[in-house]
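Taking the working numbering, the leading residue of the sequence shown gets -9, the next gets one more, and so forth. Shown next, in structure tokens, is the structure this report addresses.
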Amino acid sequence: MAGLASFAGALMLYAGYIYTNAYFGYFRLNPFAVGFSTFELVMRSLRLATLPVLELMALALLVPALPRLLAVLHVPGHRIRRIRDFGRAVARSYLAFVVVGVVLMVLWRWIQPVRWLAPLLVAGGLLLGLTHAAQPAQPAQRPRIRAPWERAGSLLVAGLFLTWVAALVAGQLGRQDAQRDAEQVARRVAVVLMSTERLDFAPPGPHYEDLGKGVHYRYRYTDLRLLLERDHRYYLLRVGWDHDTDPTYVIEDDDTVRIELRPGVLPRTDR
-9 MAGLASFAGA LMLYAGYIYT NAYFGYFRLN PFAVGFSTFE LVMRSLRLAT LPVLELMALA
51 LLVPALPRLL AVLHVPGHRI RRIRDFGRAV ARSYLAFVVV GVVLMVLWRW IQPVRWLAPL
111 LVAGGLLLGL THAAQPAQPA QRPRIRAPWE RAGSLLVAGL FLTWVAALVA GQLGRQDAQR
171 DAEQVARRVA VVLMSTERLD FAPPGPHYED LGKGVHYRYR YTDLRLLLER DHRYYLLRVG
231 WDHDTDPTYV IEDDDTVRIE LRPGVLPRTD R
């Protein structure tokens, strides 16, 4: 149990890093340079807890107990036996899952965006092969007892493939979330940047106003949106930000600037 908890914790940390790297990498930021903590990376891994993933996990937990559940529901015994026989047939076909997964890896470039299915099938097949249901059904055939090193090797390889699945799904979700947020950047928190000195923004840059010599914060920049605030640094995007051409602005909060946070553009609602 302790080993399983350690694996789950390491998997969440790794998935959180992959998701964060994919998301902020879309905006040309490095998570290590930004300075995310381990706890934050683990929390970001919860983005993988989507409805399909939760349904798959619930199904995996429910399947072994399905015959007992059906018995409690007073399902006829012959139907329960058919379901049990079907489950055993699926478990004995574990090598087929592995083979299909390997074939999908060969076809890697043509199976986008469900490439995560290939390592998932391999991992599922290896884990099915370790179950009692995968043993031969004929009474004349004695169940083959796996050596400890075989079971450990299968668990290790399955764990590596599950880690690969988590990385693929996390990276895909990170890029999708970043693309969606970039398309709706005007809805993010608006930033008004006041500065005592004129700032050199890479073009096209935000909207610029000179308020005159008598004003302490003489220069005002608007049409900016907040991507992230971290350790007195503000990572900003201009309204209409384009991934192919526009930079991400990094502003250090010090005595020469004043930063105001305001509501962004709210989506229109039909009344």
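Quick reminder that beta carbons are idealized off the backbone N, C-alpha and C, glycines included.
Problem - Beta-carbon contacts of ARG78 that lie in its chain and below 6 Å, excluding the five residues immediately before and after - result: ALA123
Exercise for the section: Specify, as a first and last residue, the run of the beta strand (DSSP E) that ARG248 falls within. Expected result: 247 to 252
Practice task
Please name the residue, chosen from THR186, PHE191, ASP213 and ALA(-2), that lies closest to ASP200 on a Cα-to-Cα basis.
Solution key: THR186
Problem - Element boundaries [alpha helix (DSSP H), containing THR28] - result: 28 to 34
Exercise for the section: Given a cut-off of 8 Å, decide if ALA113 and ALA5 are closer than it, judged by their beta-carbon atoms. Expected result: no
Practice task
Apply the 10 Å Cβ neighbour rule to TRP231 and answer buried if 16 or more other Cβ atoms are within range, or exposed otherwise.
Solution key: buried
Handout entry: Beta-ladder partner(s) of ASP200, from DSSP
Key = TYR209
Practice task
Compute the Euclidean distance between the alpha carbons of TYR207 and HIS197, then round it to the nearest angstrom.
Solution key: 16 Å
Handout entry: Boundaries (first-last residue) of the beta strand (DSSP E) holding ILE241
Key = 239 to 242
Problem - the stretch 212 to 222 contacting the stretch 150 to 165, beta-carbon criterion three pairs below 8 Å - result: no
Problem - Assigned secondary structure, ALA23 (DSSP; H/G/I helix, E/B strand, else coil) - result: helix
Practice task
With DSSP collapsed to three states, give me the class of LEU1.
Solution key: helix
Exercise for the section: Count the other C-beta atoms from every protein chain shown that fall within 10 angstroms of the C-beta of ASP236, then say buried if there are 16 or more, exposed otherwise. Expected result: buried
Practice task
List the residues that DSSP assigns as beta-bridge partners of ARG223.
Solution key: ARG220 and GLU242
Handout entry: Collapsed DSSP secondary structure at ARG105 in the structure displayed
Key = coil
Handout entry: Assigned exposure category for PHE76 - 16 Cβ within 10 Å defines buried
Key = exposed
Handout entry: DSSP state of THR10 mapped onto helix, strand, coil
Key = helix
Practice task
Closer than 6 Å by C-beta to ARG188: which residues in its own chain qualify, once you throw out the five before and the five after it? Chain order, please.
Solution key: TYR209
Handout entry: Range of the contiguous beta strand (DSSP E) that encloses SER185
Key = 180 to 185
Problem - Spatial distance of PRO138 from TYR9 (CA atoms) - result: 35 Å
Practice task
Please report how far the alpha carbon of HIS64 lies from the alpha carbon of MET47, in whole angstroms.
Solution key: 26 Å
Practice task
Could you tell me how far apart the beta carbons of GLU250 and VAL182 are, in whole angstroms, since I believe they sit closer than 8 Å?
Solution key: 4 Å
Exercise for the section: Measure from the alpha carbon of MET184 to the alpha carbon of each residue in VAL32, LEU110, PRO194 and ASP245, then state which is nearest. Expected result: ASP245
Handout entry: Proximal residues to PRO103 (C-beta, below 7 Å), its chain only, five neighbours per side dropped
Key = GLN162
Problem - Whole-number beta carbon distance between ALA148 and LEU117, since they are thought to touch under 8 Å - result: 5 Å
Problem - Test item: CB-CB of GLY115 and VAL88 under 8 Å - result: yes
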